[in-house]
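Chains as they are written, first to last, in the numbering used here: chain A, 1 to 116; chain B, 117 to 227.
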């Protein structure tokens, strides 16, 4: 597609529910990133994929967070047993470049998760 | 560990005023530096970037930024702001594959 597509745009979950957030990157983009943006903060790195390989998951806040990109294109971020502190906007970004600092990120609109 | 510090969380200016947003980073090696912008209701998008070469870089909409290595700074400037520059601005640094963002500066330009 022309841009990075994320769904759902808004998700309200009850505490303890599992949620899945989807990211469809720009076609051909090798690198895919997930970020968490809490209210009033900048995006915080969660995890990075190069094609289907998850090369860094150091930013995932707990083992309740899991991300995958099985075929090297669409990615899903799953949060199990959601907690109120998980409420945030989850941003997906993709980049044409492989392992390199010269990564210009193209962001999606984000998925806003509210946990009640 | 890499980190980025933005000096102001909120800035209010009148149209035609000059803008300078401060950004300092912490990283020991070679870095690539970015400013991203988020206009109301829109996605985060690239404003400008520095990879190497001339430390004064120009971006879209008349914005520029200067990389001062000795000060670990990458401040964003615009000589004369417009109402349409109202947005949130994020400074970011990348020393490998991971881009680290600052907390952002909300700019409001009064018409």
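Glycine residues also receive a C-beta, built at the ideal position from the N, C-alpha and C atoms.
Here the structure is a predicted model, which is why all the values come from computation and not from measurement.
Residue i versus residue j: straight-line alpha-carbon distance, rounded
i, j, result
"residue 161 (chain B)", "residue 68 (chain A)", "24 Å"
"residue 131 (chain B)", "residue 108 (chain A)", "30 Å"
"residue 146 (chain B)", "residue 185 (chain B)", "10 Å"
"residue 103 (chain A)", "residue 167 (chain B)", "10 Å"
"residue 8 (chain A)", "residue 214 (chain B)", "25 Å"
Residue i at chain A interface by Cβ criterion, 7 Å
i, result
"residue 210 (chain B)", "yes"
"residue 185 (chain B)", "no"
"residue 123 (chain B)", "no"
"residue 132 (chain B)", "no"
"residue 218 (chain B)", "yes"
"residue 174 (chain B)", "no"
"residue 188 (chain B)", "no"
"residue 126 (chain B)", "no"
Distance between beta carbons of residue j and residue i, contact taken as under 8 Å
i, j, result
"residue 181 (chain B)", "residue 193 (chain B)", "7 Å"
"residue 105 (chain A)", "residue 88 (chain A)", "That pair is no contact at about 18 Å."
"residue 43 (chain A)", "residue 50 (chain A)", "That belief does not hold up - the Cβ atoms of residue 43 (chain A) and residue 50 (chain A) are roughly 19 Å apart, past 8 Å."
Below-7 Å beta-carbon distance, residue i vs any chain B residue
i, result
"residue 74 (chain A)", "no"
"residue 42 (chain A)", "yes"
"residue 104 (chain A)", "yes"
"residue 67 (chain A)", "no"
"residue 107 (chain A)", "yes"
- [ ] Pull out every residue of the stretch 23-57 of chain A whose Cβ sits closer than 9 Å to any Cβ of chain B, in chain order.
- [x] 31, 33, 35, 37, 40, 41, 42, 43, 44, 45, 48, 50, 55 and 56
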